[in-house]
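**Q**
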DNA sequence: GCTTGCTCCTATAGTGACTGGAGGATGTAC
DNA sequence: GTACATCCTCCAGTCACTATAGGAGCAAGC
């Protein structure tokens, strides 16, 4: 096999861990590559690119199923990119929501630690705010 | 049974789903309550308060093990609240980091959807940015 | 040729924090 | 008395991996 890339090399090149690469193959996100005589996976440059695409998508918080759709789109360049646009926009909304939610948490946590007088638990704002939901304005959070 | 609260009532009162309440009992976060003759769990006001504490802590993103520590502290009001303070501060740092990370994602997603010309996938910024990691400045993310 | 040590293989189980379903018992309202 | 809501236990599933066990392949040095 002159120029097949071993899984370890692909892993380093793409930043995707070896078990994760095998996992992606298992769930059909990455095609099963040919094997050497010794039964080892041999990848090519296209596989590495696909993995980079996947990793980057995961970093952006897209779910595996969404990535499946995005990869399908990438494979058919003549199609409309409306689906990709929809997925990205939906993710953007999610991210904005999450930021807003986390900012609320941040404010409440700040109130907690600022209120801590470093004394006994008895008079601790941290414990007290956690115990009494009425003392805060925070209402919902999802991760 | 005059004043035991049924699991369904506690669930509604605290906003914690019934299977989740049973799960918390199973992992030892909530003490196993007494049962009626018909083998049904009966809770009291203190249990409901404990569940509210847990729910609020989860909403703030604390992990179960941290909540265990926080509950232990609550049970011993004469102790120093330094541990609670440490946990809350650590969570605050996490939240701040996450906000920063999500803002980077937000920027990149915005660049993606703004660059989308609503044409073919061929020329779609969304797909292109995902494929080519060099086209973005984003580097790490954890959820 | 042989050993050392790295890389790779499969298969299975574990993670966190739940959630869902099956199949059955109990409690309540009409 | 019967319909229906609520509850019970146990077990499997979720997501996206991660870890472990137990072995085989391969490249380099002696």
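Residue numbers (this note's numbering), protein chains in the order written: chain A, 8 to 150; chain B, 8 to 150.
Beta carbons: idealized from backbone N, C-alpha and C, even for Gly.
Compare the Cα-Cα distances from residue 60 of chain A to each of A/135, A/139, A/28, A/100 and report the closest residue.
**A** The residue you call residue 60 of chain A lines up with position 53 of the first chain. For residue 60 of chain A, the nearest C-alpha among the options comes from A/28.
**Q** Once DSSP output is grouped into helix, strand and coil, what is the label at residue 83 of chain A?
**A** In the first chain, the residue the question calls residue 83 of chain A occupies position 76. Residue state, collapsed to three classes: coil.
**Q** Considering just the uninterrupted stretch of the alpha helix (DSSP H) at residue 63 of chain A, what are its terminal residues?
**A** Looking up residue 63 of chain A in the first chain gives position 56. Start and end: 52–66.
**Q** Extract the residue ranges of the alpha helix (DSSP H) inside the segment 20–51 of chain A, only unbroken runs of 4 or more that lie entirely within it.
**A** For the segment 20–51 of chain A, whole alpha helix (DSSP H) runs of length 4 or above, ordered along the chain, are 25–33.
**Q** Closest to residue 87 of chain B by CA distance: which of A/104, A/123, A/106 is it?
**A** By 1-based counting over the second chain, the position of residue 87 of chain B is 80. Residue 87 of chain B has its Cα closest to that of A/123, out of A/104, A/123, A/106.
**Q** Just to make sure I have the definition right: I need the residues of chain B whose C-beta is within less than 7 Å of the C-beta of residue 121 of chain A. Which are they?
**A** As a working note, residue 121 of chain A is residue 114 in the first chain. Chain B residues near residue 121 of chain A: none, gap ~10 Å exceeds 7 Å.
**Q** Count the other CB atoms, across all protein chains shown, that sit within 10 Å of the CB of residue 43 of chain B; report buried if there are 16 or more and exposed otherwise.
**A** Residue mapping note: residue 43 of chain B aligns to position 36 of the second chain, counting from 1. By the neighbour-count rule (16 or more Cβ atoms within 10 Å), residue 43 of chain B is not buried but exposed.
**Q** Where residue 32 of chain A and residue 58 of chain A are concerned, what is the direct C-alpha to C-alpha distance, given to the nearest angstrom?
**A** Looking up residue 32 of chain A in the first chain gives position 25. Looking up residue 58 of chain A in the first chain gives position 51. Each residue's alpha carbon lies about 11 Å from the other.
**Q** List the residues that DSSP assigns as beta-bridge partners of residue 12 of chain B.
**A** Along the second chain, read from residue 1 onward, the residue named residue 12 of chain B stands at position 5. Residue 12 of chain B is bridged to B/50.
**Q** So who's on the other strand from residue 127 of chain A, going by DSSP bridges?
**A** Counting from one through the first chain, the residue named residue 127 of chain A turns up at place 120. Paired residue(s): B/87.
**Q** Determine the closest residue to residue 72 of chain A out of A/121, A/19, A/91, A/23, with distance taken between C-alpha atoms.
**A** In the first chain, the residue the question calls residue 72 of chain A occupies position 65. Measuring from the Cα of residue 72 of chain A, the nearest candidate turns out to be A/91.
**Q** Any beta-carbon of chain A closer than 9 Å to the one on residue 23 of chain B?
**A** Here residue 23 of chain B refers to the residue found at position 16 of the second chain. Cβ-Cβ to chain A under 9 Å: no for residue 23 of chain B.
**Q** Check whether chain B comes within 9 Å of residue 35 of chain A, counting only Cβ atoms and requiring the distance to be less than that.
**A** Numbered from 1 along the first chain, position 28 holds the residue referred to as residue 35 of chain A. Residue 35 of chain A does not count as touching chain B.
**Q** Looking only at its own chain, which residues have a Cβ that is under 8 Å from the Cβ of residue 62 of chain B, when we skip the five neighbours before and after it?
**A** Position 55 of the second chain, counted from the start, is the residue given in the question as residue 62 of chain B. The residues are 21, 22, 23.
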